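Input: a single structure, listed below in structure tokens.
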Amino acid sequence: MSEGRFERPTRLGTNEVSFGGVFAPETLMDNLFELEAAWIDSAGDREFEAELKRLLTTYAGRPTPTYHARRLSAAWGVDVWLKREDLLHTGAHKLNNTLGQCLLAQRMGKRRILAETGAGQHGVASATAAALLGLECVVYMGAVDAERQAPNVQRMRLLGADVIEVQHGERTLKDAINEALRAWVGEPDTHYVLGSALGPHPFPSLVAGYQEVIGREARAQFKTATGTLPNLAVACVGGGSNAIGLFREFLPDASVDLVGVEAGGRGPEPGSHAARFQGGRLGVLHGCLSYLLQDDDGQVQPTHSISAGLDYPAVGPEHAALREAGRARYECVRDSEALAGFQDLAALEGILPALESSHALGWVRREREDLKGQSVLLCLSGRGDKDLATLLANEGHGSTSDEGGAPAVGETR
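To convert, count from 1 in the sequence shown and add 675; that's our numbering.
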């Protein structure tokens, strides 16, 4: 039995409730102790930090630009700026985290990594970092997600990863994480590269730390371009790694509102959405305490989102803490509203965003009357190549008017 103690435990929130924690089986504790020790040790190692910075710059393509979407801004009446994580190598923000964690795996002497994936972007980023650093890679992916994100499955396999499709449960991200954690218990000589800011400590803090580069760059870029800070920083929230990466840099800036956008799916009925702050309550999933969609018996509820990356029943604990403290607010948009955001950005700016990021766009679009004249810095967390089959199947299904809200772009009241 492990008798160690964590040096920097993830406990976030107020005196009433502490989000995060380590709700993990004893068989995982040695792995988690080892990971925390390596993570803390690497933070003071100039050689490690220099190598990560070198790879982020010369291999991944950082810094990514912050782009003023002028035509979209004119159409919506909102000053929209996009942090272009879609331009990072592999097409999403996930590589920020996988490069850091795979370097940690090397530091710990691991030769094999495990990963989960929903939308496929974390799986691709894990396979990419593993190939670069000479590590074996196994990726767990729900069979439903593997079908709707088939291009990313092909990319992972071309990069040399073994992709295992999970055939039980809802066959989505939750079930992929279940299988990856089970495999890690049985393979202590591997490292599990968890893809979002959730799970047992140290993962929420570790992943958020590797994603802080998003907000650090975006704040400096926006201020250089405008001489001020945005009124709002907005990002989609599944587990929440791109959002927490953006939000952390703005936490001291009280003038900047932080808005996370969840998946409202088909509507508010249980099983029809993945909006944890709308229909969830406190619960434990995959090793941490946060908001969770569950029934009266504490059973995890099914979820739905047109976006595989947001189709998850819990949210990262740091987001729960920010909401509890009143520092960030969390909204949701339906599938149709996300599609409308996608369509406007594609038509007006020539950019195909991922369906995850389209939820953030869909919220700004829906709320554009209330946001008129304000500046919005939005994290475009990934590109939409992976979503083409879903987008084509739903062509014409985007909102043409918002229920009780603003008219669609080009319409009049």
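Heads up, the beta-carbon is just placed ideally off N, CA and C, and yes, glycines get one too. Computed from a predicted structure; not experimentally measured.
Closest residue to residue i among the options (Cα-Cα distance)
| i | options | result |
| --- | --- | --- |
| residue 816 | 837, 926 and 968 | 837 |
| residue 952 | 693, 1007, 1047 and 1017 | 1007 |
| residue 851 | 827, 804 and 814 | 814 |
| residue 1039 | 1058, 1063 and 1014 | 1014 |
| residue 743 | 737, 755 and 781 | 755 |
| residue 859 | 759, 791 and 739 | 791 |
| residue 830 | 783, 799, 975 and 1068 | 799 |
| residue 948 | 728, 784 and 981 | 981 |
| residue 705 | 783, 770 and 728 | 783 |
| residue 862 | 703, 692 and 1068 | 703 |
| residue 1042 | 727, 696 and 1016 | 1016 |
| residue 928 | 898, 1021, 827 and 696 | 898 |
| residue 839 | 1020, 855 and 849 | 855 |
| residue 827 | 975, 734, 1062 and 1020 | 1062 |
| residue 1071 | 834, 771 and 1019 | 1019 |
First through last residue of the alpha helix (DSSP H) which encompasses residue i
| i | result |
| --- | --- |
| residue 702 | 701-718 |
| residue 1031 | 1030-1041 |
| residue 849 | 848-861 |
| residue 1047 | Counting along the chain, residue 1047 falls outside any alpha helix (DSSP H), and DSSP gives it neither H nor E. |
| residue 804 | 796-808 |
| residue 981 | Taken as a continuous stretch (DSSP letters only), residue 981 belongs to no alpha helix (DSSP H), as it is neither H nor E. |
| residue 964 | Residue 964 -> not in any alpha helix (DSSP H); beta strand (DSSP E) instead, spanning 963-967. |
| residue 775 | 769-782 |
| residue 1063 | 1063-1068 |
Endpoints, beta strand (DSSP E) assigned at residue i
| i | result |
| --- | --- |
| residue 1005 | 1003-1009 |
| residue 759 | 754-759 |
| residue 884 | That residue, residue 884, is in no beta strand (DSSP E); its alpha helix (DSSP H) goes 878-901. |
| residue 788 | 787-792 |
| residue 937 | 932-940 |
| residue 871 | Premise fails: residue 871 is in no beta strand (DSSP E) and is neither H nor E. |
| residue 693 | 693-695 |
| residue 816 | 811-817 |
| residue 1026 | Careful: residue 1026 lies outside any beta strand (DSSP E) and carries neither H nor E. |
| residue 1170 | An answer regarding residue 1170 cannot be provided, because it is not within the stretch 676 to 1088 covered by the chain. |
| residue 686 | 686-688 |
| residue 838 | 837-841 |
| residue 908 | 907-911 |
| residue 956 | 956-960 |
Residue i and residue j closer than 8 Å at C-beta
| i | j | result |
| --- | --- | --- |
| residue 776 | residue 868 | yes |
| residue 968 | residue 988 | yes |
| residue 994 | residue 911 | no |
| residue 801 | residue 773 | yes |
| residue 1029 | residue 761 | yes |
| residue 865 | residue 789 | yes |
| residue 935 | residue 918 | yes |
| residue 805 | residue 811 | yes |
| residue 842 | residue 818 | yes |
| residue 991 | residue 915 | yes |
| residue 984 | residue 1031 | yes |
| residue 971 | residue 979 | no |
| residue 1091 | residue 1065 | Past the edges of the chain, shown from 676 to 1088, lies residue 1091, and the structure says nothing about it. |
| residue 958 | residue 946 | no |
| residue 764 | residue 736 | yes |
| residue 758 | residue 872 | no |
| residue 937 | residue 885 | no |
Cβ separation of residue i and residue j, assumed to be a contact under 8 Å, to the nearest whole Å
| i | j | result |
| --- | --- | --- |
| residue 977 | residue 845 | 6 Å |
| residue 896 | residue 741 | 4 Å |
| residue 1060 | residue 793 | 16 Å between Cβ atoms; not a contact. |
| residue 778 | residue 723 | 7 Å |
| residue 875 | residue 962 | 3 Å |
| residue 1000 | residue 933 | Incorrect: roughly 11 Å between the Cβ atoms, too far for contact. |
| residue 698 | residue 996 | Contact doesn't hold; Cβ gap of about 16 Å is too wide. |
| residue 1027 | residue 746 | Wrong, their Cβ atoms sit about 15 Å apart, outside the cutoff. |
Residue i: CB within 7 Å of a non-hydrogen atom of the ligand GDP
| i | result |
| --- | --- |
| residue 941 | You won't find the ligand GDP in this model; it holds no ligand whatsoever. |
Cβ pair count under 8 Å reaching 3, the region 878-892 against the region 916-930:
yes
Three or more beta-carbon pairs under 8 Å between the region 748-764 and the region 1046-1062, yes or no?
yes
Using 8 Å as the Cβ pair cut-off and three pairs as the minimum, do the region 1009-1024 and the region 702-716 touch?
no
Could you say if the region 897-914 and the region 1051-1058 meet the contact criterion of at least three C-beta pairs nearer than 8 Å?
yes
Spell out a yes or no on whether the region 680-698 and the region 870-884 are touching, meaning 3 or more CB-CB pairs, one atom from each, closer than 8 Å.
yes
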